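Read through the structure below, which is laid out as structure tokens, and then see the notes.
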Amino acid sequence: MSDSMIVFDNVSKSYQDGIDAISEVNIRIDRGEFVFIIGNSGAGKSTLIKLILKELDPTTGKIYVNGRFLNRLRHSKTPLLRRDIGVVFQDFRLLNDRSVYDNVAFAQKVIEAPTSKIKRRVTAMLALVGLAERYKSYPGELSGGEKQRVAIARALVNNPPILLADEPTGNLDAGNSWEIMKLLEEINKRGTTVIVVTHDREIVNAMKKRVITIHNGKVVSDEEGGYEYEN
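The numbering used here numbers the first residue of the sequence shown as 98 and each following residue consecutively.
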């Protein structure tokens with residue numbers, strides 16, 4: 098599985114009420130892929146994300162992320178796992194009392210990167226997302242699209258091999274949504290494995306990437322480009 102970035106091997110997750118959030122899921126996402134994960138509310142997408150981040154452990158089955166066997170990963174090693182996964186959320190989750198620069202730099206400071214490296218990486222990431230000139234601005238001064246760009250820069254500043262985007266266009270208008278998806282596509286072209294969880298049928302159909310569909314906790318289809326998402 099040397100080329101596999103994420104592997105779910107017959108994974109199920111049951112909660113205390115006995116309900117299966119996901120059941121017998123088999124997924125393999127290879128290094129450098131761009132994959133959409135789709136499904137209705139309650140289908141199991143959130144559970145899938147939490148399992149990848151080891152916020153939850155599977156009831157049965159095996160999970161591997163970037164070569165790590167999560168079932169046996171010690172709690173003390175979880176932060177190292179999460180450094181390999183940049184995460185972007187629908188609600189941006191920026192620090193409103195800090196500038197754009199400081200929001201992005203925060204992820205580097207957490208890992209105690211030297212100041213010279215922080216400046217270099219933050220500058221490079223803001224240039225990548227098209228916000229180099231807004232580094233002194235605060236989140237309250239930004240549009241929704243700009244806030245999501247800052248969130249993407251923050252997710253990428255530690256150079257993770259995986260970018261996980263959970264409904265990244267959910268709070269954006271159509272124009273900004275397309276700009277964000279183009280940016281994610283560019284990031285993928287640079288070698289990052291990109292996984293996008295979304296309800297946006299138009300984007301999924303237009304981008305013609307691999308699409309994994311989850312329904313009632315099961316993978317019901319796994320299609321390459323050209324898939325037409327109708328639900």
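Note that beta-carbon positions come from the ideal geometry of N, C-alpha and C, so glycine has one too.
What you are looking at is a predicted structure, and each value in this text was computed from that prediction instead of being measured.
Rounded to the nearest whole angstrom, the C-alpha separation of Ser240 and Phe133 is 25 angstroms. Unbroken alpha helix (DSSP H) runs of no fewer than 4 residues, entirely contained in the region 298-324, are found at 298-304, following chain order. DSSP, reduced to helix, strand and coil, places Thr290 within a strand of the structure shown.
Exclusion of the five residues before and after Ala204 leaves Arg251, Val254, Asn255 as the residues of its chain whose Cβ lies within less than 7 angstroms of its Cβ. At a Cβ-Cβ threshold of 8 angstroms, Gln113 and Phe189 do not count as neighbours. For Leu191, the CB contacts under 7 angstroms within the same chain, skipping 5 residues up- and downstream, are Asn200, Pro236, Lys244, Val247, Ala248 in chain order. Going by C-alpha positions, Ile309 is about 19 angstroms away from Phe186.
In the three-state scheme derived from DSSP, where H, G and I count as helix and E and B as strand, Lys206 is classed as helix. Burial check for Ile208: the Cβ neighbour count within 10 Å stays below 16, so the residue is exposed. Approximately 12 angstroms separates the beta-carbon atoms of Leu178 and Arg169; this is outside 8 angstroms, ruling out the contact. Closest in alpha carbon position to Ser120, among Val108, Asp127, Gly129, is Val108.
Contact between Val197 and Leu223 is confirmed by a C-beta separation of about 7 angstroms, below the 8 angstroms threshold.
With a cut-off of 8 angstroms on Cβ pairs, the region 297-312 is in contact with the region 133-143, counting three or more such pairs. C-alpha of Val316 to C-alpha of Ala210: approximately 40 angstroms in a straight line.
Ile149 is a Cβ neighbour of Leu261, given a cutoff of 8 angstroms. For Val219, the three-state secondary structure derived from DSSP is helix.
Comparing C-alpha distances from Ala118 to each of Arg231, Pro258, Ser143 shows the shortest one belongs to Ser143. DSSP places Gly242 in the uninterrupted alpha helix (DSSP H) bounded by 241-253.
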